[in-house]
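Novice:
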Amino acid sequence: MAAAAAAAVTLLPAPALAQDAPAQTPAVSVTGGIDFVNRYMFRGIRQHSRGMATWPFLDVGISAFEGDGALKKVALNIGTWNSAHSNPSGWYESDVYGTLGLGFGGGVTVGTTYTSYTSPNDSFTHVKEIAVKLSVDDSAYLGAGALKPYALVAFEMATEPGKYQADGGLNAGRYLELGVAPGYSGARASIAFPVKVGLSVGDYYELDGVDNTFGFFSTAGIVTVPIGSNWNVHGGVEVQALGDTTEALNGGDQSRVIGSFGVGFAY
């Protein structure tokens, strides 16, 4: 990724277009799929813009605890996410992650994720990151008007100037993402309209020695159609508006339109 770090987790631990887990979570669940996109943007930073990027992913979830107290649920997830590109061709990225998720009352969940971002074809240096995500499922209160807000904070680890970090800057970055994901679910299809903003809260979007706070703003529409009880097809369009640093890293373009299509499963 052109002296930058890549990854998933657009929309942790898998791309935004991955399917949700089954409504009744088993003790062990397996989800996965493959997505195809015309452009790969990681938190507003361009990774790929010609040809097609292919994103295979796999996640294993373990329900470790369920209770009736303040702590409702504990879950562990281990997974991998990859990106292979057609132009230039090659296995651009391979990520491995582990997540500890805690579920509380009121639809509140807290997930802590360690991600190792690597590039099999040496397009970028190894990036290590710890991220904490706070999510609220407000469906019980707002019904069809639920916004499902979340906040994510990520910290780059063990960096060096120009190495092991997303922007290729001088210092380890700290990233903040705020978003909502309203939508509608029906028997034949569901549609979501995720909106998010990516911000630097410390050296995440460095440019010429200056840390620019605003990284990007994103809005998207995603349609998912179930196939039986375990499979789905999904597709969508995302528009990103870029800040000063991400515009420079994107060849001077102020915005990007990203189209995607994929197949997913959950068991």
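For the sequence shown, the working numbering gives the first residue as 217, with consecutive numbering after it.
Just so it is clear, CB atoms sit at the ideal spot from N, CA and C, and this is done for glycine as well.
Bear in mind that the values here come from a model prediction, so they are computed numbers and not experimental data.
Please list the segments of the alpha helix (DSSP H) lying wholly inside the region 315 to 377, counting only runs of 4 or more residues, in order along the chain.
Specialist: Here the runs fully enclosed are 355 to 358.
Novice: State the Cα-Cα distance for the pair N466 and V324, rounded to the nearest angstrom.
Specialist: Rounded to whole angstroms, N466 to V324 spans 36 angstroms at the Cα level.
Novice: As an exercise, report each continuous beta strand (DSSP E) stretch of at least 3 residues that is fully enclosed by the region 414 to 445, in chain order.
Specialist: Complete beta strand (DSSP E) runs here, min 3: 430 to 443.
Novice: Bridge partners of F281, per DSSP?
Specialist: F281 is bridged to V290.
Novice: Can you tell me where the beta strand (DSSP E) holding A408 begins and where it ends?
Specialist: S406 to A408 is the span of the beta strand (DSSP E), which, as asked, contains A408.
Novice: Among Y330, S335 and I407, which has the Cα closest to the Cα of L368?
Specialist: With distances taken between Cα atoms, L368 lies closest to Y330.
Novice: Please confirm if the region 255 to 265 is in contact with the region 299 to 313, defined as three or more CB-CB distances below 8 angstroms between the two stretches.
Specialist: Taking 8 angstroms as the limit for Cβ pairs, the verdict is that the region 299 to 313 does touch the region 255 to 265.
Novice: Among all the DSSP beta bridges, which residues are the ones paired with A482?
Specialist: DSSP output for A482 lists T247 as bridge partner(s).
Novice: Is the separation between the beta-carbon of S245 and that of Y483 shorter than 8 angstroms?
Specialist: Their beta carbons are under 8 angstroms apart, which means S245 touches Y483 by this criterion.
Novice: Select from L316, D354 and W297 the residue whose C-alpha is nearest the C-alpha of P336.
Specialist: For the residues L316, D354 and W297, the minimum Cα distance to P336 belongs to W297.
Novice: Could you have a look at D460 and say whether DSSP puts it in helix, strand or coil?
Specialist: Looking at D460 - three-state DSSP - the assignment turns out to be helix.
Novice: Label L458 either buried or exposed according to how many other C-beta atoms from any shown protein chain fall within 10 Å of its C-beta, with 16 as the threshold for buried.
Specialist: Label assigned to L458: buried.
Novice: How many whole angstroms separate the CB atoms of K412 and L394, which I take to be in contact at a CB cut-off of 8 angstroms?
Specialist: Confirmed, Cβ separation roughly 7 angstroms.
Novice: Should I474 be labelled buried (16 or more other beta-carbon atoms within 10 Å of its own) or exposed?
Specialist: The residue in question, I474, is buried, as its Cβ has 16 or more Cβ neighbours within 10 Å.
Novice: Using the Cα positions of G260 and T440, report the straight-line distance between them to the nearest angstrom.
Specialist: If I take the Cα positions, the gap works out to 24 angstroms.
Novice: Nearest by alpha-carbon distance to N448: which of G327, I407 and G468 is it?
Specialist: Nearest option by C-alpha distance: I407.
Novice: Is L465 helix, strand or coil by DSSP?
Specialist: Residue state, collapsed to three classes: helix.
Novice: Report the partner residues of M257 according to the DSSP bridge assignment.
Specialist: M257 is bridged to R262.
Novice: Who pairs with N298 in a beta bridge, going by DSSP?
Specialist: Looking at the DSSP assignment, N298 forms a beta bridge with S310.
Novice: 8 angstroms is my cut-off, CB to CB: does G361 come that close to chain D?
Specialist: Included in the structure is just one protein chain, with no chain D present.
Novice: Give the single residue among F258, G327, P377 and G248 whose Cα lies nearest to the Cα of G295.
Specialist: For the residues F258, G327, P377 and G248, the minimum Cα distance to G295 belongs to G248.
Novice: Is V253 buried or exposed, if buried means 16 or more other CB atoms sit within 10 Å of its CB?
Specialist: Looking at its Cβ environment, which holds 16 or more other Cβ atoms inside 10 Å, V253 is buried.
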